[in-house]
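To start, the structure under review is shown below, and the notes come after it.
Number of protein chains: 2
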Amino acid sequence: MKIITIGREFGSGGREIGKRLAEFLGITYLDGEIAEAVARETNLDKNYLDTVLENGISDIPVSYAHSFSRISPVSDSARLIAKQHKVIKEMAAKSDCVIVGRGADAVLGSLHPFRIFVYADMQSKIERCRKRSDGENLSDKEIIKKLKSIDKARKATHDLYSSTPWGDKSGYELCINTTGIDIPAIIPLLAEYIGKFFDGRE
Amino acid sequence: MKIITIGREFGSGGREIGKRLAEFLGITYLDGEIAEAVARETNLDKNYLDTVLENGISDIPVSYAHSFSRISPVSDSARLIAKQHKVIKEMAAKSDCVIVGRGADAVLGSLHPFRIFVYADMQSKIERCRKRSDGENLSDKEIIKKLKSIDKARKATHDLYSSTPWGDKSGYELCINTTGIDIPAIIPLLAEYIGKFFDGRE
Chain A
1 MKIITIGREF GSGGREIGKR LAEFLGITYL DGEIAEAVAR ETNLDKNYLD
51 TVLENGISDI PVSYAHSFSR ISPVSDSARL IAKQHKVIKE MAAKSDCVIV
101 GRGADAVLGS LHPFRIFVYA DMQSKIERCR KRSDGENLSD KEIIKKLKSI
151 DKARKATHDL YSSTPWGDKS GYELCINTTG IDIPAIIPLL AEYIGKFFDG
201 RE
Chain B
1001 MKIITIGREF GSGGREIGKR LAEFLGITYL DGEIAEAVAR ETNLDKNYLD
1051 TVLENGISDI PVSYAHSFSR ISPVSDSARL IAKQHKVIKE MAAKSDCVIV
1101 GRGADAVLGS LHPFRIFVYA DMQSKIERCR KRSDGENLSD KEIIKKLKSI
1151 DKARKATHDL YSSTPWGDKS GYELCINTTG IDIPAIIPLL AEYIGKFFDG
1201 RE
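Right, dumping it as structure tokens:
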């Protein structure tokens, strides 16, 4: 069972690394499928779940929270996250895969995944956000605020379920600073590195 | 100018990575030469300097400190470290090189080195210490105490001169957890990764 989990700072290119790694290795890339499965089980909107499940419980907009009639937003968030964990375990059990975010490093800890954390300098993250139009019409200051807010929510959600803090190197096999790095160029090297890690375990 | 600096937790295999990388790349490995040069300039014993300069100012044994007749141990430590920085800059200016520890990441910051930090789980570090006989006749508890004490001194010395804390991933291009990793197997991959980083900068 070869599972690769990728934690990442918003704007650092972690998702790009995850997608490219999965493609290069010819293994499953789990992302939207997770929210889709949770949506099927809960009858909630997939796009809404995408936002909540990726960015964490401190990020639930009040307008959505109001739509839960019978239970409080907090307990509902916990319930959604628990449902997501169940889905992640089921999907990861089916085949080798790459999972980006979603606390997968902690959820799948007993399966000994190769855990990557991707980060970058603030300037590099701002540029990446602008390139992919995440930062359209925003000032640098506003982008920084957005980045910090998303990372804070990711950390809060992650740390509820993990024995090592989000982004703390002790919880990862490899921490990659993408500042000044050409991501496509390092994918084959990463794939080989991870292969050696799994070989050593067999 | 291609400079690779390696910070590391004691017992994590950082020095082994440094030596093997330099050998693989065919570039200079700077280590004992630095203490030798400082020894020549100060008329102090090389072995003594090796200990002080590698493990930091909080680690100067009282017996040695007493041998400095005219100045206090602390100002003398600062003077030695400043001398070491000068030597590091001179040596790094001469050729591409790998430097392990000694705050080289901060000292050579303006030359934009590729900065690696090497770490590992405590159990893995204990085993490595036992293998290389650093932990002869010591209990696990005693080895852990030794590891923590050395890392604390390294951090204290490093952080005097660096804008990013010792071991904090933001100050490194790559952080490598050697737990479960076969070091010789990853050297060619690291070398290629670093090459791509420098290529991107040219």
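Protein sequence lines correspond, in order, to chains A and B. When the letters of the first sequence are read in order and numbered with the working numbering, they come out as residues 1 to 202. When the letters of the second sequence are read in order and numbered with the working numbering, they come out as residues 1001 to 1202. For every residue, glycine included, the Cβ atom is placed at its ideal position computed from N, Cα and C.
CB contact flag (residue i, residue j, <8 angstroms)
| i | j | result |
| --- | --- | --- |
| L1111 (chain B) | K1125 (chain B) | no |
| P113 (chain A) | I4 (chain A) | yes |
| V98 (chain A) | L30 (chain A) | yes |
| D50 (chain A) | G32 (chain A) | yes |
| A1191 (chain B) | F1010 (chain B) | no |
| V100 (chain A) | K89 (chain A) | no |
| R1040 (chain B) | V1118 (chain B) | no |
| A37 (chain A) | V87 (chain A) | yes |
| T1157 (chain B) | G1103 (chain B) | yes |
| E1129 (chain B) | I1116 (chain B) | Inspection of the sequence shows that residue 1129 (chain B) is occupied by Cys rather than by Glu. No. Outside cutoff. |
Residue i: contacting residues in chain A (beta-carbon distance under 9 angstroms)
| i | result |
| --- | --- |
| C1129 (chain B) | Here the premise fails: no neighbours, minimum Cβ distance about 18 angstroms. |
| G1026 (chain B) | Those do not exist, as G1026 (chain B) stays about 19 angstroms from chain A at its closest Cβ, beyond 9 angstroms. |
| R1196 (chain B) | Note on identity: in this sequence residue 1196 (chain B) is Lys, with Arg being the wrong assignment. Within chain A, the residues near K1196 (chain B) are I181, D182, A185, I186, L189. |
| G1200 (chain B) | G180, I181, D182, A185 |
Closer than 9 angstroms at the beta carbon, the chain B residues around residue i
| i | result |
| --- | --- |
| G14 (chain A) | Residues of chain B passing the Cβ test: none, with the nearest at roughly 13 angstroms. |
Member of the options whose CA lies at the smallest distance from the CA of residue i
| i | options | result |
| --- | --- | --- |
| R1020 (chain B) | B:L1189, B:K1086, B:S1149, B:F1198 | B:L1189 |
| A185 (chain A) | B:D1182, B:K1196, B:I1183 | B:K1196 |
| H1085 (chain B) | B:T1028, B:E1192, B:G1180, B:A1035 | B:A1035 |
| G1026 (chain B) | B:K1002, B:I1081, B:S1163 | B:K1002 |
| M122 (chain A) | A:D140, A:R102, A:I81, A:L80 | A:D140 |
| L160 (chain A) | A:R8, A:A37, A:D105 | A:D105 |
| I1081 (chain B) | B:T1164, B:T1042, B:I1187, B:S1095 | B:T1042 |
| I1183 (chain B) | A:I194, A:K152, A:G103 | A:I194 |
| D96 (chain A) | A:E202, A:P165, A:T28 | A:T28 |
| A1120 (chain B) | B:D1151, B:R1079, B:S1162, B:A1078 | B:D1151 |
Neighbouring residues, chain A, relative to residue i (Cβ below 7 angstroms)
| i | result |
| --- | --- |
| L1189 (chain B) | L189, E192, Y193 |
Supposed contact pair residue j and residue i - C-beta distance, whole angstroms, cut 8 angstroms
| i | j | result |
| --- | --- | --- |
| I1006 (chain B) | G1014 (chain B) | 5 angstroms |
| Y172 (chain A) | N1177 (chain B) | 6 angstroms |
| G1180 (chain B) | G109 (chain A) | Incorrect: roughly 14 angstroms between the Cβ atoms, too far for contact. |
| K1169 (chain B) | K169 (chain A) | 5 angstroms |
Check: residue i C-beta below 7 angstroms from any heavy atom of the ligand COA
| i | result |
| --- | --- |
| L1174 (chain B) | Of ligands this structure carries none, so the ligand COA is not represented either. |
Determine which residues of the segment 1107-1125 of chain B have a Cβ less than 7 angstroms from any Cβ of chain A, and write them out in chain order. Y1119
Residues from the segment 85-110 of chain A in contact with chain B, defined by Cβ distance under 9 angstroms: none
Please list, in chain order, the residues of the segment 1137-1158 of chain B that have any C-beta partner in chain A closer than 9 angstroms. none
Taking any Cβ of chain B, which residues in the segment 164-179 of chain A have a Cβ under 8 angstroms from it, in chain order? G167, K169, S170, Y172, E173, L174, C175, I176, N177, T179
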